[in-house]
Amino acid sequence: MIPYGKHHIDIDDIKSVSKVLKSENLTQGPLIKTFENAISKYVGSKYAVAVTSCTAGMHLAAIVSNMKKGKTLLTSAITFVSTANSSLFCGAKTIFADVDSNINISAQEVYKIFSKKKINALAPVHFGGLPCDMKKLKKIADKHKAIIYEDAAHAFGSTFLDGSRVGSCKYSDMTIFSFHPVKSIATGEGGVITTNSKKIYNKLLLLRNSGIEKNSSNFIYKNKSREKKNTNPWYYEMQELGYHYRITDIQCALGLSQLKKVNQFLIKRKQLAKRYDFELKNLKNCKIIQEGLRNNSSNHLYILKVNFKKLGVSRGKLMKLFKDKEIGTQVHYIPVPSHPYFKKKGYKYNNLPNSYEYYEGALSIPLYYDLSKKQQTHVIHAVKKLIG
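Residue numbers (the numbering used here): 267 to 654.
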């Protein structure tokens, strides 16, 4: 079976993880900071905080953004639910903007919404790895004094048009990545938050570790922490209501090994995406999402927008036909406001026409580092035959 996405693990990855398993530190050891420093260096940020998942990172970003009851987050309707949930976890509200033709959040719609409503935070989603127009979005957010945290779950390795990397936080306060197995690099589960603010960085470190402070210079009850002039070695303080979002040294060992190969991963993904663009450009019953926009993208996904009505076949039936040919497909994503939880909360989606038009035709086909030329040829032939 050719899956829609898959991780790549080699002997170096296995050796790196094995080395940690034989060491004294499976968690809270030195590799966490080493991994964070390597991520910061790669993306060009001052700081990085590794966490258990991108979802955990989004949650912490919302807390640091002071999201709470009475405040509102604006994000894209086409994303994984974690983006929207990040502010809901904090008691705040999430509202949705429609997408543009590339399925990134529409800067025009963002401008309209900011003009009508009080928005406290903006979470743009770099869909499929293609960067949003962050320059425009930052200008809007800055005018209204809104914080920006980028959902870059798809976009590790992506670059903006000016050459800076997604994650450099050139246009935002924080950026959050995912290292799920189908992403640019894998740590099993895991994620990271990057920022250029020392204040944000210190708060994230505290929140990641159950709100516990162990650095004696930051203690609040200094008289309790010391005996004469010496700090008590057992002493710590819970200073915030934090969470157990600590990543392990095992995951960071894998991440560091994967990071050494990220450029070759990205080059191969770009080559595969460009070949699809060339081979599938003349299909009558579908269009290619983000066609020709491969150079700055991490190319996390390859998505066709199929005209199922014209094709005369339902999406479920078409996915079954692909499966019969040993090809896995997927849909990214169901518009968030249409999920039962959000509908129950009174969310409406009649103001999101592009999002729903896109969803009606969306179909992701296989794209990952180990996809061979022979396998991709098989996928191309199947797409031409089944969609044509």
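Note that beta-carbon positions come from the ideal geometry of N, C-alpha and C, so glycine has one too. It should be emphasised that the depicted structure is a prediction, and the values quoted were computed from it without experimental measurement.
Please state whether the Cβ-Cβ distance between residue i and residue j is less than 8 Å.
| i | j | result |
| --- | --- | --- |
| HIS420 | SER564 | yes |
| ASP439 | TYR415 | yes |
| ILE298 | ALA327 | no |
| ILE344 | TYR624 | yes |
| ILE680 | GLN641 | Residue 680 lies beyond the residue range present for the chain, which begins at 267 and ends at 654; the question has no answer from this structure. |
| ASN475 | GLY508 | yes |
| LYS571 | ILE555 | yes |
| VAL659 | VAL376 | There is simply no residue 659 to check, as the chain begins at 267 and stops at 654 in what is shown. |
| ASP636 | VAL286 | no |
| GLY271 | VAL448 | yes |
| PHE485 | GLU493 | no |
| SER711 | HIS566 | The question about residue 711 has no answer, for the chain in this structure spans 267 to 654. |
| HIS392 | VAL432 | yes |
| SER311 | ASN462 | yes |
| TYR313 | LEU525 | no |
| ILE741 | GLY323 | Given a span of 267 to 654 for the chain in the structure shown, any question on residue 741 remains unanswerable. |
| GLU506 | GLY477 | yes |
| ALA628 | HIS598 | yes |
| ALA373 | LEU340 | no |
Just how far apart, CA to CA, sit residue i and residue j?
| i | j | result |
| --- | --- | --- |
| VAL649 | PHE355 | 41 Å |
| PRO606 | ARG535 | 35 Å |
| ARG512 | THR338 | 27 Å |
| LYS401 | ALA452 | 29 Å |
| LYS614 | ASN370 | 20 Å |
| SER621 | MET504 | 43 Å |
| LYS464 | SER424 | 24 Å |
| ILE305 | GLY654 | 42 Å |
| GLY394 | SER282 | 29 Å |
| ASN291 | SER381 | 51 Å |
| LEU471 | VAL330 | 11 Å |
| ILE277 | LYS288 | 16 Å |
| SER483 | GLY357 | 32 Å |
| ALA407 | ALA418 | 18 Å |
| LEU427 | TYR437 | 12 Å |
| HIS274 | LEU538 | 15 Å |
| THR643 | TYR542 | 9 Å |
Opposite residue i in the DSSP bridges: which residues?
| i | result |
| --- | --- |
| ARG581 | Bridge partners of ARG581: none, in fact. |
| TYR415 | MET440 |
| SER630 | ILE569 and GLN596 |
| GLU623 | Per DSSP, none; premise fails for GLU623. |
| ASN475 | HIS510 |
| ILE268 | ILE593 |
| PHE380 | For PHE380, which the question treats as bridged, DSSP gives no partner whatsoever. |
| GLU493 | ASN496 |
| LEU339 | THR360 and ALA387 |
Since residue i and residue j should fall inside the 8 Å C-beta cutoff, what is the C-beta to C-beta distance between them, to a whole number of angstroms?
| i | j | result |
| --- | --- | --- |
| SER353 | MET333 | 5 Å |
| ASP279 | SER434 | Going by Cβ atoms, the distance from ASP279 to SER434 rounds to 26 Å, so no, they are not a contact pair. |
| LEU652 | LEU587 | 5 Å |
| ASN368 | LEU559 | 7 Å |
Should residue i be counted as a contact of the ligand FAD given a C-beta to heavy atom distance under 7 Å?
| i | result |
| --- | --- |
| ASN462 | With respect to the ligand FAD, the structure offers nothing, as it holds no ligand at all. |
Could you check whether the segment 627-634 touches the segment 587-605, counting it as contact only if at least three pairs of C-beta atoms, one from each stretch, sit closer than 8 Å?
yes
Touch check for the segment 544-555 and the segment 479-493: three-plus C-beta pairs under 8 Å?
no
Mind the definition here: the segment 385-392 touches the segment 402-410 only if three or more C-beta pairs lie below 8 Å; say whether that holds.
yes
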